[in-house]
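Worksheet: one structure, shown below.
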Amino acid sequence: MTASGKLWLSSAGQRLNLETQGLTREFAALWLRERAPDPDTLDPRTGQRLIEAAELPLDLTLESAELNGERVALRFSDGHVTDFPLAELIEAGAEIDSSVPGRRLWDASLAEPPRADFTAARQDDAALLDMLENLHHFGFVLVSGVPTEEDGMQALIDRIGPLRRTNWGGIADVKSVANAYDLTMTQRGLEPHTDNPYRDPIPGYIWLHCLTNAADGGDNTLVDGYQAALTLKARDPEAFDCLTRVAPGFRYHDDTTCLEGEGPLIELDSQGRLSRVRFNNRTERVGALSADALERYYAARRTFYRLITSDELTVHLKLDPGQMLIMDNYRLLHGRRAYQLAGGVRHLRQGYVDRDSTASRRLVLRRQMSSQPSQEASA
């Protein structure tokens, strides 16, 4: 698709205005200068900055801006000349405008979960990229064809990045055991939650692999935490604001482990956009705040809880042997219904993979795929 737009300077050249797709976006001259995509400013191989950005003059201005097809040519007051791809500026502006850039929100009306095939993703880069893009967009992906062996997921993890080890080990069992120290290892139902908010860093992605699932019950529940947070913001802005400001603690202790962390249930980035959702009733420990602050927090938490347990936001599915859920632990709230072992065995295995290695693999594959000539062009 060909991009188009209209350019003009404002604030005595300190601002570049770009009108495109019915929206006007404003870019600071200094921001454009320190990101100039040329070999004098950024290393062509690594993309790392070659100039000392803090030494650029604070009164730097743009002397001219011209749209040449798909490029934006810029001349700065320090004499530097560069040009940006127009599409890059459009994309940067779109991310600023979005509450959840690059994400697709969903609720109970989601007709079909995003899917992937284990063998295809393990053997083919295009299939792996498709899986990772779906994971990024939707916050989860349902993978089929996983070997029903205890470490069956490992071959696909190895295609992405290292397995995150915890006090539970690498890939750990999720099944009912006697004298369980963690409620995950019981038959009880689990409320929608995110995993391990007491860790630093919190594990980025949960890999949940089904070996057997013949027990009565035990269906998985999935809730888009971003959708829930934005629904809360629309319906009760004060509750949303409260949950972005109060940072409860989270704690996990056993005979060999002592883990403690804290953070708001709804976390925003520096631009005010959603970056993370936490909810883990089992391990939350709210500090002794003022009575007024606690009353506001408890009311806001209840409102959020009612949303994440509502039918309107919840997707239900039951994993079959050889299926696996990969879930974004910064976005997705997952739970399960109680189950009875009278009907058979329920045995799942779970591992974690961090966000940085997952994001890196997706972006590198995207770059490699975009640089490959199409079959038509090479025919």
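Start counting the sequence shown at 1; every next residue gets the next number (UniProt numbering).
Ideal placement from N, C-alpha and C gives every residue a C-beta, glycine not left out.
Its Cα nearest to that of Thr166, the residue Tyr252 stands out among Asp328, Tyr252, Leu56. As for any alpha helix (DSSP H) of minimum length 4 sitting wholly inside the region 49 to 83, there is none. For Asp83, the closest of Gly93, Pro37, Leu60, Leu128 by C-alpha to C-alpha distance is Pro37. Secondary-structure assignment with DSSP links Val277 through a beta bridge to Ile266. In the three-state scheme derived from DSSP, where H, G and I count as helix and E and B as strand, Gly335 is classed as strand.
Under the rule that a run must span 4 or more residues, the alpha helix (DSSP H) segments found entirely inside the region 117 to 159 read 118 to 123, 125 to 138, 154 to 157.
Under the DSSP assignment, Ala172 falls in the beta strand (DSSP E) whose first and last residues are 172 to 174.
Arg361 and Ile157 have their C-alpha atoms spaced approximately 11 Å apart. About 7 Å separates the beta carbon of His137 from that of Gly102, a gap short enough to meet the 8 Å contact definition. Between Glu91 and Phe76, the beta carbon gap of about 22 Å keeps them out of contact (Cβ cut-off 8 Å).
For the 7 Å CB-CB criterion, Thr314 and Ala239 do not form a contact. The shortest CA-to-CA distance from Gly170 to any of Ser144, Glu191, Pro203, Phe140 is the one to Pro203. Sequence-distant partners of Asp236 (beyond 5 residues in either direction) whose C-beta falls short of 8 Å from its own C-beta, in its chain, are Ala300, Thr303. Excluding sequence positions up to five before and after Arg164, its CB lies within less than 7 Å of the CB of Pro203, Tyr352, Val353, Asp354, all in the same chain and listed in chain order. Cβ-Cβ separation between Glu267 and Arg276: approximately 4 Å, consistent with a contact (criterion under 8 Å). Around the C-beta of Leu23, fewer than 16 other C-beta atoms lie within 10 Å, and the residue is accordingly described as exposed. If you ignore the 5 residues before and after Val223, its C-beta comes within less than 6 Å of the C-beta of Pro192, Ile308, Leu313, Thr314, Leu333, all in its own chain and listed in chain order. The straight-line gap separating the alpha-carbon atoms of Tyr205 and Asn329 is approximately 5 Å.
Between Val141 and Asn134 the beta-carbon gap is near 5 Å, inside 8 Å, which marks them as a contact.
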